[in-house]
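Heads up, the thing below is written out as structure tokens.
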Amino acid sequence: MNSDHIPLTSTEIGNLWMTYQEKTMLARFLEYFLEHVDNRDIEKILKKTYDFTERTIETLKNIFEQEGAVLPLGFTANDVNKGVPKLFDYLYEPMFLQMMGKIETSLFALYSTMSYRQDIRKLYKTLTANAQDIFDHCTQFLLDKGVLVRPPFMTMPKEVTFIKDNHYLSGFNLLKATRSLNAIEVSLIHHAIENNLVGLQLMIGFAQVANDKHVKEYFVKGMKLSLDVETTLGEYLREDYIEPPATAAGKATNSTIAPFSDKLMMYITNLLGSFGLGSNALGGAFSLRSDLPLTMARLAQKILPFLKEGGELMIKHGWMEEPPQIEDRKQLTKA
């Protein structure tokens with residue numbers, strides 16, 4: 542039997558469903574950005590990404606149809622309000638897209654390793670390569686504009702050394718000075734703060750324009766949480782006389798008219814929060830200083846309730862689409 546005609550596994554169905562949600566959301570953002578873009582270089586990146594995203598959505602639709610599965614709703618033209626003022630300055634567009642390139646690279650590479658059918662593996666290989674291409678183009682553009690802060694430089698290591706005692710693993714210590722961060726720890730902290738800065742501006746913009754009172758209050762909480770993450774992680778860099786990443790570009794404007802539905806804004810907030818949670822967990826796991834994993838865990842204790850509240854808000858308003866469900870054998874076998 543040709544592997545392309547083997548039925549999709551539950552894992553593949555779930556991943557394709559999540560991909561459809563994310564891609565239809567991204568298409569709506571790109572439509573809005575393209576309506577307001579005023580830089581030709583950014584427009585080329587946005588147009589190329591939009592065309593690829595639309596082709597991907599059609600591919601996903603065909604897969605669902607061929608498998609006899611209902612097409613997810615995802616996000617449609619009803620989730621974008623055309624003709625409204627810009628909510629972000631022009632440099633936010635490539636900053637947002639660069640971050641989406643990071644998220645998609647992580648997600649699609651993972652989905653590829655979870656796929657067993659050849660055509661699905663090929664699809665995610667293509668999607669991963671495209672996400673990396675998006676990240677590369679946006680990163681180079683932002684570097685050329687001088688608005689992307691590179692991670693700190695350091696003296697090149699000249700010899701191999703080994704850890705001599707357990708003090709290397711300790712964090713806060715009243716008796717000894719805490720060692721400076723190593724390159725791995727700096728990279729993970731810098732990465733987390735950089736992503737958080739993009740998320741902060743998103744929360745500011747969303748808080749200004751959300752229609753529902755409770756949703757607006759939720760985004761204000763998101764603003765405060767983003768500041769908390771930046772301050773907490775930034776302090777680790779400042780202790781070693783390293784300036785945390787910051788930029789004056791990519792800011793929210795003073796618009797109070799929503800370009801997106803509250804449903805779409807809640808979804809992207811959940812996606813970014815989940816990505817941040819995963820990044821912080823990775824940072825904690827690879828740190829050899831005991832205080833960093835504890836800090837990441839404390840931040841997770843703040844992020845998790847925030848995401849839970851967001852999920853409850855979406856359910857309350859009927860915005861949370863239910864993923865494909867495994868058969869309830871307990872219910873089916875009831876006498």
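Each residue of the sequence shown is one higher than the last, beginning at 542 in this note's numbering.
For every residue, glycine included, the Cβ atom is placed at its ideal position computed from N, Cα and C.
- Check whether the region 631-644 touches the region 735-748, counting contact only when three or more Cβ pairs, one atom from each stretch, lie closer than 8 Å. yes
- Put A650 into one of helix, strand or coil per three-state DSSP. helix
- Item | Residue ranges of each alpha helix (DSSP H) within the region 587-646, 4 or longer | none
- Using a threshold of 9 Å, state whether the C-beta atoms of A790 and K686 are closer than that. In contact: A790 and K686 (Cβ atoms closer than 9 Å).
- Item | 8 Å contact criterion, which L628 and S796 should meet: CB distance rounded | 5 Å
- Among P613, I547 and N580, which has the Cα closest to the Cα of E563? Among P613, I547 and N580, the Cα nearest to that of E563 is on P613.
- Task: Note down the Cα distance separating I867 from V625, rounded to an integer number of angstroms.
- Result: 42 Å
- Query: Where DSSP assigns a beta bridge to F801, which residues make up the other side?
  - Reply: V621
- Message: Taking 9 Å as the threshold (C-beta atoms), are A838 and A799 in contact?
- Response: Taking C-beta atoms as the reference points, A799 and A838 fail to come closer than 9 Å.
- For A793, which three-state DSSP category applies? strand
- Is it a yes or a no for the region 843-854 touching the region 755-766, going by three-plus beta-carbon pairs under 8 Å? yes
- Task: Report the residue from G555, E599 and A672 whose alpha carbon sits nearest the alpha carbon of L587.
- Result: Of the candidates G555, E599 and A672, A672 places its Cα closest to the Cα of L587.
- Taking one C-beta from the region 667-684 and one from the region 643-653 each time, how about it: are there three or more such pairs within less than 8 Å? yes
- Ordered along the chain, which non-local residues of its own chain (more than five positions away) have a Cβ less than 7 Å from that of M764? L741, M744, I745 and A748
- Message: Taking 9 Å as the threshold (C-beta atoms), are E572 and A618 in contact?
- Response: yes
- Message: Measuring straight from C-alpha to C-alpha, what distance separates F574 and Y631?
- Response: 9 Å
- In chain order, what residues of the same chain have a beta carbon less than 7 Å from the beta carbon of I604, not counting five sequence neighbours either side? L557
- Message: Using only CA atoms, which one of L835, T552 and G775 lies nearest to Y657?
- Response: T552
- Item | Residues of its chain near L805, where Cβ-Cβ distance is below 7 Å and the 5 sequence neighbours each way are ignored | M566, R569, F616 and D620
- Query: What separation, rounded to the nearest whole angstrom, lies between the Cα atoms of L812 and T680?
  - Reply: 21 Å
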